[in-house]
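Student:
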Amino acid sequence: MRAFAAQIIPSDTSLPGADEAGAVHFIDRAFGKPFFADVVPVVRAGLADLDARARTLGERDFASLSPGRQVALMRQVERTPFFAAARMLVVIGTFADSAYGGNRQGAGWTIVGLEHQPTYSSPFGWYDARDEVNAKTDA
Amino acid sequence: MTQRTYGEGETVDFLIVGSGAAGGVLAKELATAGFDVVVLEAGPWQQPSQFTHDELAVERENAMLNLAFEPIQTIRGSEAEPARRNAGRALAYRRGVGGSSVHFAANYWRFRPIDFKERSKWGAISGTGFADWPITYEELERYYTKVDWEIGVSGAPGPFDPPRSRGYPLPPLPNKSSGVVLERAASVLGLHAQVSPLAILSKPYDGRSLCLACGHCSYYGCEFGAKSSTLATVIPKAVATGRCEIRAESTAFRVETNARGRTTGVVYWDREGKERRQRSRAVIVAANGAETTRLLLLSASSAFPHGLANSSGNVGRYIMFNGHAATFGRFDHPLNEYKGPVASRTVHDFYDADPKRGFYGGGGIDARFNYQPIGFALGVLPDDVPTWGPEYKRALADYFTHSVRFYAHITSLPMASNTVTLDHDHPDRWGRPGLCLTYTDHPDDMKAKQWFRDRTEELMHAAGAARVWNQPIIPVDGGVHLLGTARMGNDAGESVVDRYHRAHDVPNLFICDGSSFVTSGRGQPTMTIQALAFRAAEHIARFARSHEI
């Protein structure tokens, strides 16, 4: 699962990915939550299938494959219900509140550029900040 | 909060079912007028300190809606089709003190004079129950003003506003970047972007905090009490009168009637599931367009074989949700729409329907990007962006802070074939029948969505977005505005309640919520639901004093 997650939202030099976010920790816990009860068996079976496909390529399991071969295998299954369910878990694990086990050190918020604060003050963005300056100049 | 309680043997003046946008107002007004009031609320009495920003719980698991006792709703396009389970909630509303006013986005447009007499101006529309309201904007105006001042609405006049007798009590909230780019687009196209009125406090008001711009209005509860839900506004005042008991976790399942055809009270389950009875001199149902329907239909008896107040057959009919259409845009600089209230500017140039368009329909367009990161990452990016891998990751980083959506809120036509009915195959925890939505868009509603999406797309290009993509237009499969299912009218054969919200069939039964609507307006119905509730309360109190109930 961890290798799968790292291909969904990869890490790079500028921003963390699902791996740094610890999405897999979220998923471990999600497996026990009623909300995800429908997807858990689908995801388990799909991961086992990825491992089986890796073995036909002569590797021990999916995680042992090179990143390029992992991506190639994922492309083979990317239209399956398993892939959709597993991708959803990775995304939620990356961005859900860190109390659920993922989004460590706010990695998810870092990825999308969200300054995570309980409240904010105006101006919020570049356009309204400029508008305020213009309004003051006009006055 | 300590409150007056009423014993099981006591007969109160008014029993109100529902503590939401309408029920909260009715409770406060009638208790203040000196009547004894009990409010039955199916959901819990949550406090603002219990509200969180937890997106998984609120937006994915629907934690705010308190749905545990009814996991399933069904939907079908017509009566001829089998009902199927709906993936989301077809009829979405919150159970809990304050109802859906706790988690709404708080857009507070007034309806306009045209909304109440559009059938006369436009003419009949085939296949619909398009009709005038039995009241006018002019009659409702002072109650709109009452809403502004009693609950706290922030705003400023705009060029197409209906007449108002008094200004806003609070100045506008800060303009957002979305509002600035919508203003820019509107001026390029010769249109007007005006301040969006919001039931959110721009300054401290009536002992409540101003908005701290946490960015979690839509779907979430306000932990600061700055959003003007009935939980934060009228309900504490109702309780403070000492004549109103809010009975939470109490699920009404039958309005009782006597041999004279009058209501005598309501039977409900308490939080332990024990059956209880509250007697009252009159009953007011304000449970929303879906739950009001269920309660009336479940209150059938030999005297009312098709459901209480349903001699017209119109209980549950004519449901309207408001249509939507939208275009997204990504800009060169950050807008950071996750901060602050949902929307700060709206274009109302297309409010009126225009025969030149070739169909009936009108609406307003606001600018917003009310997505938290999970919802954004799972469903918003343009179709040509991969759904995983390095390019997906780059898009997550590039689009979240830099994107906005121009969002049209549009009329829905009332059709007798669009209904809320009882679903006996999917009972809830108590064994009550579940709810089934039967809905197919009127062809004009589909055309209106397409036409408005052309407008949102033009606006997005005019705003100078670097990348523009459309939200798909899909047939309505439910919604959060639950309108029209117990419509108001002068003709008892065509409507459920009269112009004072009194059931045509039952003299001491009143129905007041979104179900009273005759037409849909152009979205943002809560302001009008509350104006109706203030008006209804005044008339109901008058009837009670003069022994006309």
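Protein sequence lines correspond, in order, to chains A and B. Adding 1 to a residue's 1-based position in the first sequence gives its number in the working numbering. Adding 541 to a residue's 1-based position in the second sequence gives its number in the working numbering. Where is the CB? At the ideal position from N, CA and C, for every residue including glycine. None of these values were measured; they are calculated from a predicted model.
Output the distance between the C-alpha atoms of B/D702 and B/P712, rounded to the nearest integer angstrom.
Tutor: When rounded, the distance between both Cα atoms is 16 Å.
Student: Chain B beta carbons: is any one of them nearer than 7 Å to that of A/L115?
Tutor: Interface residue, yes.
Student: Taking C-beta pairs closer than 9 Å, name the residues in chain A that B/G756 reaches, listed in chain order.
Tutor: T120, Y121 and F125, listed in chain order.
Student: Note down, in chain order, each residue of its chain lying with its Cβ closer than 6 Å to the Cβ of B/S642, except the 5 sequence neighbours on either side.
Tutor: Same-chain partners within the cutoff: G561, A562, S770 and T771.
Student: Starting from the Cα of B/N959, find the closest Cα among B/F910, B/A800 and B/L632 and give me that residue.
Tutor: When only C-alpha atoms are compared, the closest one is B/L632.
Student: Counting contacts by CB-CB distance shorter than 7 Å, is B/T962 in contact with chain A?
Tutor: By this cut-off, B/T962 is not an interface position.
Student: Counting only runs of 3+ residues fully inside the stretch 585 to 641 of chain B, write out the beta strand (DSSP E) ranges in chain order.
Tutor: Runs of the beta strand (DSSP E) inside the stretch 585 to 641 of chain B: 615 to 617.
Student: Return no unless some Cβ of chain A is closer than 7 Å to the Cβ of B/T615.
Tutor: Answer no: the Cβ-Cβ gap between B/T615 and chain A never drops below 7 Å.
Student: Is the Cβ of B/V883 closer than 7 Å to any Cβ of chain A?
Tutor: Not closer than 7 Å to any Cβ of chain A, the Cβ of B/V883 fails to qualify, so no.
Student: Could you name each continuous alpha helix (DSSP H) segment of 4 residues or more that falls completely within the stretch 867 to 953 of chain B, going from the start of the chain to the end?
Tutor: Complete alpha helix (DSSP H) runs here, min 4: 914 to 920 and 931 to 940.
Student: Which chain A residues sit within Cβ distance under 7 Å of B/L597?
Tutor: Within chain A, the residues near B/L597 are I93, A97, D98 and Y101.
Student: Check B/Y547 in the structure and name its three-state DSSP category.
Tutor: Reduced to three states, the DSSP call for B/Y547 is coil.
Student: Check the DSSP bridge columns for B/T979 and list the partner residues they point to.
Tutor: B/T979 is bridged to B/R617 and B/T960.
Student: DSSP state of B/I1090, grouped into three classes?
Tutor: Coil.
Student: From B/I825 to B/F917, what distance separates their C-alpha atoms?
Tutor: Looking at the two C-alpha atoms, the distance is approximately 41 Å.
Student: If contacts are defined as beta-carbon pairs under 8 Å, then B/G830 and B/G639 qualify, I think. What distance do you get, rounded to the angstrom?
Tutor: Their Cβ separation, rounded to whole angstroms, is 17 Å, which puts B/G830 and B/G639 out of contact at 8 Å.
Student: Throw me the rounded Cβ distance for the B/T798 and B/V1047 pair, which I believe falls under 8 Å.
Tutor: Indeed they touch by this definition, with Cβ atoms about 7 Å apart.
Student: Could you list which residues in chain B have their beta carbon closer than 9 Å to that of A/R3, in chain order?
Tutor: Under the 9 Å cutoff, chain B gives no residues; its nearest Cβ is about 15 Å from A/R3.
Student: Spell out whether any CB of chain B is found under 7 Å from the CB atom of A/R88.
Tutor: Taking Cβ atoms only, chain B reaches closer than 7 Å to A/R88, which makes this a yes.
Student: I believe B/R725 touches B/G1005 by the beta-carbon criterion, under 8 Å. Please report the beta-carbon distance rounded to the nearest angstrom.
Tutor: Confirmed, about 7 Å.
Student: In three-state terms, what does DSSP make of B/I557?
Tutor: Looking at B/I557 - three-state DSSP - the assignment turns out to be strand.
Student: If contact is defined by three or more beta carbon pairs under 8 Å, each pair taking one atom from either stretch, is the stretch 113 to 127 of chain A in contact with the stretch 47 to 55 of chain A?
Tutor: With a cut-off of 8 Å, the stretch 113 to 127 of chain A and the stretch 47 to 55 of chain A do not count as touching, because too few Cβ pairs lie within range.
Student: I need the boundaries of the alpha helix (DSSP H) containing B/Y685, first residue and last residue.
Tutor: Y678 to V688 is the extent of the alpha helix (DSSP H) around B/Y685.
Student: Measure the C-alpha to C-alpha separation of B/L1045 and B/A779 and round it to an integer number of angstroms.
Tutor: Contrary to the premise, residue 1045 of chain B reads as His rather than Leu in this sequence. For B/H1045 and B/A779, the distance between alpha carbons rounds to 28 Å.
Student: Run through the DSSP bridge pairs and tell me what B/V580 is partnered with.
Tutor: Answer by DSSP bridge pairing, in chain order: B/I557 and B/I787.
Student: Leaving out the 5 sequence neighbours to the left and right, which residues in its chain are closer than 6 Å to A/G102 when beta-carbon positions are compared?
Tutor: The residues are H26, F27 and R30.
Student: Which residues mark the beginning and the end of the alpha helix (DSSP H) in which B/W810 is found?
Tutor: From DSSP, B/W810 is part of no alpha helix (DSSP H) but of the beta strand (DSSP E) over T804 to W810.
Student: Alpha helix (DSSP H) containing A/Q8: first to last residue?
Tutor: R3 to I9 is the span of the alpha helix (DSSP H), which, as asked, contains A/Q8.
Student: Does the Cβ of A/A140 have 16 or more other Cβ atoms within 10 Å, making it buried, or fewer, making it exposed?
Tutor: With a pLDDT of 49 at A/A140, under the threshold of 50, the modelled position of that residue is not reliable, and the figure given next carries that caveat. Exposed, because fewer than 16 other Cβ atoms sit within 10 Å of the Cβ of A/A140.
Student: I need the boundaries of the beta strand (DSSP E) containing B/S821, first residue and last residue.
Tutor: Unbroken beta strand (DSSP E) run through B/S821: E816 to V826.
Student: Between which two residues does the beta strand (DSSP E) carrying B/F1051 extend?
Tutor: Unbroken beta strand (DSSP E) run through B/F1051: L1050 to I1052.
Student: Looking at C-alpha atoms only, which residue of B/H757, B/P974 and B/R886 is the closest neighbour of B/A697?
Tutor: Ranking B/H757, B/P974 and B/R886 by Cα distance to B/A697 puts B/R886 first.
Student: Taking C-alpha atoms, which residue in B/G756, B/Y746 and B/T981 lies nearest to A/H117?
Tutor: It is B/G756 whose Cα lies nearest to the Cα of A/H117.
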